[in-house]
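Numbering (the numbering used here), first residue to last: 13 to 199. As structure tokens, the structure follows; a few thoughts come after it.
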């Protein structure tokens with residue numbers, strides 16, 4: 013894992029998944045888990061939070077009548093490859109499926125959205141996206157930049173590849189499952 017958010021002084025220790033869940037229950041910060049390592053997730057900037065909150069408030073009502081449900085960054089997702097993390101926004105088509113025994117861990121997101129920071133941008137586009145692609149239900153991955161007008165969408169194709177589209181005009185870009193409409197990152 014390239015993201016350097018490892019729990020201080022614990023980077024060499026290996027944790028089992030039950031240990032991670034125990035840490036999560038008492039931790040005051042969110043933690044990511046992958047390959048026996050626990051990584052503390054840094055707090056987000058004001059602009060990051062504005063963008064994520066505005067996207068959730070825009071997307072959530074527009075999806076209700078279409079059989080989708082949107083969730084914010086407090087819902088953890090688990091991937092088949094063993095990554096447990098908190099995307100900025102996740103969308104489910106149909107009934108949310110939770111990890112057995114974990115009412116706080118979603119396993120079937122249809123769309124995941126991240127607002128990358130300078131510290132996470134490479135990881136969000138690389139290793140994290142590779143692990144997200146392993147989720148059978150995932151159809152779309154969206155990156156919304158916080159310092160530029162830039163939205164990247166990656167949509168799975170019937171051939172099993174991922175089609176990338178880039179939007180630099182807010183009038184043309186709104187992350188929503190298989191549709192685009194404008195949303196401003198400012199209130």
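Virtual Cβ for every residue (Gly too), placed ideally from N, Cα, C. It should be emphasised that the depicted structure is a prediction, and the values quoted were computed from it without experimental measurement.
Per-residue burial, residue i [other beta carbons within 10 Å of its own, 16 or more giving buried]
i: residue 151; result: buried
i: residue 85; result: buried
i: residue 49; result: buried
i: residue 90; result: buried
i: residue 154; result: buried
i: residue 121; result: buried
i: residue 75; result: buried
i: residue 160; result: exposed
i: residue 169; result: exposed
i: residue 26; result: exposed
i: residue 67; result: buried
i: residue 64; result: buried
i: residue 78; result: exposed
i: residue 58; result: exposed
i: residue 132; result: buried
Opening and closing residue of the beta strand (DSSP E) in which residue i lies
i: residue 85; result: Taken as a continuous stretch (DSSP letters only), residue 85 belongs to no beta strand (DSSP E), as it is neither H nor E.
i: residue 110; result: Counting along the chain, residue 110 falls outside any beta strand (DSSP E), and DSSP gives it neither H nor E.
i: residue 150; result: That residue, residue 150, is in no beta strand (DSSP E); it is neither H nor E in DSSP.
i: residue 164; result: 163-168
i: residue 102; result: 101-105
i: residue 49; result: 49-52
i: residue 26; result: Counting along the chain, residue 26 falls outside any beta strand (DSSP E), and DSSP gives it neither H nor E.
i: residue 98; result: Premise fails: residue 98 is in no beta strand (DSSP E) and is neither H nor E.
i: residue 245; result: Past the boundaries of the shown model lies residue 245; the chain is included only from 13 to 199, so the question cannot be answered.
i: residue 44; result: 43-46
Proximity below 8 Å, CB of residue i to CB of residue j
i: residue 83; j: residue 44; result: no
i: residue 60; j: residue 102; result: no
i: residue 99; j: residue 134; result: no
i: residue 178; j: residue 157; result: no
i: residue 36; j: residue 92; result: no
i: residue 105; j: residue 144; result: no
Boundaries (first-last residue) of the alpha helix (DSSP H) holding residue i
i: residue 72; result: 58-76
i: residue 35; result: 29-38
Other residues of its chain near residue i: CB distance less than 8 Å, five sequence neighbours each side excluded
i: residue 110; result: 116, 117, 118 and 119
i: residue 55; result: 41
i: residue 148; result: 92 and 120
i: residue 141; result: 153 and 166
Cβ neighbours of residue i in the same chain (closer than 6 Å, five flanking residues each side left out)
i: residue 107; result: none
i: residue 167; result: 152 and 175
i: residue 29; result: none
Contact with chain D by residue i, beta-carbon distance below 8 Å
i: residue 131; result: As a matter of chain content, chain D is missing from the structure shown, which is built from one protein chain.
Cβ shell of residue i (< 7 Å), same chain only, five flanking positions each side left out
i: residue 16; result: Reliability fails at residue 16, whose pLDDT of 42 lies under 50, so the model's placement of it is uncertain and the value that follows must be treated cautiously. Result list for residue 16: empty, nothing under 7 Å.
For this session: Could you name each continuous beta strand (DSSP E) segment of 3 residues or more that falls completely within the stretch 115-139, going from the start of the chain to the end?
Result: 123-126
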